[in-house]
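Okay, so here's the structure we're looking at.
Numbering (the UniProt record's numbering), first residue to last: 1 to 348.
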């Protein structure tokens, strides 16, 4: 392991570089926080982007989730707190653009669905107030477009569809929606909806057996037709066929200490970035090709400082930058892909 110590304003922070594969992009950024990673001799590396955002004072609450509109270069951050804006909008360069606070109670997950024809922001709301227990679609300016669920009322019903603490969602370019419903509420299930919000299939109930969940916390979809769910309470990732909902396999060997809280792919889909909340850890996991899911294989880990608590994360599909919402540190950090060789980095 190589370690670099950087002293800023009299304070030394451990600066570690991770070099993996020439396709991987991402860099850990943790202001005032130390971490360490393994690295090898490839040229692409992860580096700290200490300049994102330009002004961190815009984070006035607890940052729970982050979404990236790769097409338009926008980053959306959702935070919780009283009398504060719930959604903040930044440029990819870290400049603050605007904020909105309409019909959002307690955001948990956020997703930016962006096509050349439409840009929309989806939020899962776990609040106990009049907007809670819903999945909501907004315009990029914060105008409410669609509400799924019964606002302010939790439930397990399917007609009409109800939620109880919906944790996160993923929206495909086709408009199909995958929702993990159950951040400690009544439901422990994965729901697939069509673009007109019809239920295509539903999997899961509370339990530890195959295709059952204990706090399904994050969901993502790859280009080969697989749905990946962070089954946090069961300390595993479960993988399903996106067309049929059939269980394809389970990864549990990588998460003995704590279950995964977030899952997202790198742009080339060769690696899965996984967050573990209470361990304050990010892992780079090799994604299997089409076929047998096999065993989980961690390529490298990024150990954050204690009590950073990475909750949910997003990966920019265009640049490969990784954004992590940290509920302990109350900030979102940007992890950039650095293509410079080590010799071109600033002298330490």
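From the three backbone atoms N, C-alpha and C, an ideal C-beta is built for every residue, glycine too.
Sequence-distant residues of the same chain with beta carbon closer than 7 Å to residue i, five excluded per side
i           : result
residue 51  : 94
residue 129 : 105 and 152
residue 68  : 75, 112, 314, 316 and 323
residue 33  : For residue 33, the predicted model reports a pLDDT of 38, less than 50, meaning its position is unreliable; a value from the coordinates is still stated below. Result list for residue 33: 304, 305, 308 and 329, in chain order.
Rounded separation between residue i and residue j - CA only
i           : j           : result
residue 335 : residue 324 : 8 Å
residue 307 : residue 147 : 34 Å
residue 259 : residue 232 : 4 Å
residue 107 : residue 272 : 24 Å
residue 263 : residue 64  : 15 Å
residue 155 : residue 208 : 22 Å
residue 111 : residue 170 : 7 Å
residue 328 : residue 62  : 8 Å
residue 158 : residue 149 : 9 Å
residue 245 : residue 203 : 7 Å
residue 286 : residue 83  : 42 Å
residue 184 : residue 309 : 18 Å
residue 293 : residue 252 : 12 Å
residue 140 : residue 256 : 39 Å
residue 239 : residue 121 : 25 Å
residue 275 : residue 117 : 32 Å
residue 80  : residue 332 : 13 Å
residue 296 : residue 235 : 12 Å
residue 267 : residue 319 : 8 Å
residue 127 : residue 86  : 12 Å
residue 281 : residue 326 : 11 Å
residue 138 : residue 119 : 9 Å
residue 249 : residue 163 : 26 Å
residue 109 : residue 237 : 18 Å
residue 302 : residue 66  : 19 Å
Residue i vs residue j beta-carbon contact at 9 Å
i           : j           : result
residue 218 : residue 279 : no
residue 71  : residue 78  : no
residue 242 : residue 227 : yes
residue 133 : residue 165 : yes
residue 186 : residue 194 : no
residue 124 : residue 57  : no
residue 211 : residue 161 : no
residue 277 : residue 300 : no
residue 145 : residue 179 : no
residue 290 : residue 220 : no
residue 216 : residue 175 : no
residue 321 : residue 49  : yes
Spatial neighbours of residue i in its chain, beta-carbon cut-off 8 Å, leaving aside the 5 residues before and after
i           : result
residue 54  : 93, 94, 95 and 96
residue 131 : 103, 104, 105, 125, 151 and 152
residue 222 : 228, 265, 269 and 287
residue 91  : 73, 74, 75 and 97
Same chain, Cβ closer than 6 Å to residue i, five either side skipped, listed in chain order
i           : result
residue 31  : Low per-residue confidence applies at residue 31: pLDDT is 36, beneath 50, and the placement is therefore not dependable, though the value from the model is reported in the following sentence. Nothing listed; no residue qualifies.
residue 298 : 254, 283 and 285
residue 60  : 84
Proximity test, residue i beta-carbon vs the ligand FAD heavy atom, cut-off 8 Å
i          : result
residue 91 : The ligand FAD is not part of this structure, which contains no ligands at all.
Given residue i as reference, the closest of the options once Cα atoms are compared
i           : options               : result
residue 98  : 76, 320, 172 and 322  : 76
residue 214 : 239, 90, 192 and 188  : 188
residue 115 : 326, 86, 206 and 173  : 173
residue 205 : 190, 198, 196 and 197 : 190
Per DSSP, the bridge partner or partners of residue i
i           : result
residue 125 : 107 and 134
residue 145 : Answer is none; residue 145 lacks a bridge partner.
residue 100 : 87
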